[in-house]
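**Q**
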Amino acid sequence: MQEIEYEEWIIWNASLGIRDFVTIGRIDTTESVAWLDAPYDMVGPFSLDELITDGFIRFAACAVMSKQRWQTDREALREEALNKRRKAQKEFYDELERHNRRKINAMQCSQREYRSVLNLPQIGALELSQIKSAYRKAAKKAHPDAGGSQEMFIRIKEACDALLELV
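Residue 42 in the working numbering sits at position 38 of the sequence shown; the count goes up by one each step and never skips.
1. Suppose contacts are defined by Cβ-Cβ distances below 7 Å. Is Leu-81 in contact with Ile-135 by that definition?
2. What residues in its chain sit with their C-beta under 6 Å from that of Gln-6, if we drop five residues either side in the sequence?
3. Based on the DSSP output, what are the partners of Phe-96 in its beta bridges?
4. From Ala-64 to Gly-128, what does the alpha carbon distance come to, in whole angstroms?
5. According to DSSP, is Met-5 part of a helix, a strand, or is it coil?
6. Bridge partners for Met-69 per DSSP, in chain order?
7. If you run the structure through DSSP and keep just helix, strand and coil, what is Ile-28?
8. Less than 8 Å between the CB atoms is what I'm expecting for Ile-14 and Trp-74, so what's the real figure, rounded?
9. Could you tell me which residues DSSP puts in a beta bridge with Phe-50?
10. When burial is assigned at 16 or more other CB atoms within 10 Å of the CB, is Arg-106 buried or exposed?
Structural data, given as C-alpha cells:
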C-alpha cells in the first residue's frame with residue numbers, strides 16, 4: 005500500500021477538458037477505500053481495489069486512472085469530452101434562445117398594455133411628442149390631486165417611461 009500512496013494518477017474532468025496529476029491521500033485499509041490527496045481530497049471514498057485492478061474509476065464530475073490507462077484511452081476520452089461540451093453548449097444556446105423569445109413576447113404584451121394605458125394606437129411607430137402628449141392627458145385625469153387613484157397614476161408613469169425607452 006505504501007507505493008500506492010506516492011504513485012501519481014491522472015484525474016480527468018471531461019466537462020472542462022482538464023487533466024491533472026494526483027496522488028492517493030487517505031487510505032482506509034479495513035474497507036480498502038481511499039480518498040485523493042489535496043487539492044482533490046473531496047474525491048472519495050472510492051474502491052482502491054477497483055482503481056488498482058481496472059486502472060480506472062469514474063465519478064460524477066471526473067475520472068481517476070493510471071498513467072497507462074490515460075495513454076491508452078486519452079483520445080477517446082478527449083473525444084467524449086468534446087462531445088459533452090458541444091452538447092452542453094447547444095443546450096445553453098437553445099435555452100438562451102427560448103428565454104429571449106419569452107422576453108420578446110413579454111415586451112410585446114407589455115407594450116400593448118402600455119399603449120392601452122395611455123390611449124395610444126396599438127400598432128405603428130410612436131413619436132416622442134405623441135407619447136408625451138398622451139402622458140400629460142392621462143396624468144391630468146389620473147393624478148391623485150385631481151381625484152384619480154395613486155395606482156393608476158403610477159401605471160401611467162410606468163407606461164410613459166417604458167414607451168419612451170423604446171423610441
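Glycine residues also receive a C-beta, built at the ideal position from the N, C-alpha and C atoms.
**A** Taking the structure as given:
1. no
2. Low local confidence applies: a pLDDT of 45 at Gln-6 is under 50, so the model's placement there is unreliable, and no value is given.
3. The partner list for Phe-96 (beta bridge, DSSP) is empty, contrary to what the question assumes.
4. 54 Å
5. Any answer about Met-5 is weak, because its pLDDT of 49 lies below 50 and its placement is not dependable; what the coordinates show is given next. Met-5 falls in the coil class under three-state DSSP.
6. Ile-14, Phe-60
7. strand
8. 4 Å
9. Ala-38
10. exposed
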